[in-house]
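Peer 1: Going by my numbering, the sequence shown opens with residue 2, and the numbers climb by one from there. Here's a structure for you.
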Amino acid sequence: MNRKLRRSMRKQMGEDSTEKIAQKFSQFEQLPEQCTACAEPFDKKSREMVQSWSVVVKQDVVRLFCPECIRKTREVLENGNKDTENR
Numbered sequence: 002m003n004r005k006l007r008r009s010m011r012k013q014m015g016e017d018s019t020e021k022i023a024q025k026f027s028q029f030e031q032l033p034e035q036c037t038a039c040a041e042p043f044d045k046k047s048r049e050m051v052q053s054w055s056v057v058v059k060q061d062v063v064r065l066f067c068p069e070c071i072r073k074t075r076e077v078l079e080n081g082n083k084d085t086e087n088r
C-alpha cells in the first residue's frame, strides 16, 4: 500500500482499522502455491482459480483449498450431520 492510500484510510476508518487491513494485505503474500489438502497447484494469475478457490486464515496461518477439496469436506460434514440426526 502506498502512503497516500494509508493516509486516506486512516482518516476515514481510524488508526486501528487501517492496521488490520494492512496486516491482511501482508498475509496475502504468505498464500501457498498449492492446495493445502491435495497439493494441486494454484496459479495466482488465473482469474478463475482466484475466484473459485478458498482461503482460510486462522491464528496467522494461511491455508488454501481447491474447489474439489471444499466440496468433499462439505459432503463429509453433511453426512456427519445426517448420521447424528438419525441417532
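The C-beta atom is built at its ideal place from N, Cα and C for all residues, glycine as well. This structure is a prediction, so every number in the text was calculated from the model and none was measured.
#1: Could you give the residue range of the alpha helix (DSSP H) that holds L6?
#2: From the DSSP output, in three-state form, read off Q31 for me.
#3: Taking the Cβ atom as the reference point for each residue, do V63 and P33 lie within a distance shorter than 8 Å?
#4: Can you check which of these residues, M50, V51, V58 and F66, is closest to K25 by C-alpha distance?
#5: When burial is assigned at 16 or more other CB atoms within 10 Å of the CB, is F66 buried or exposed?
Peer 2: Let's see:
#1: R4 to M14
#2: coil
#3: yes
#4: V58
#5: buried
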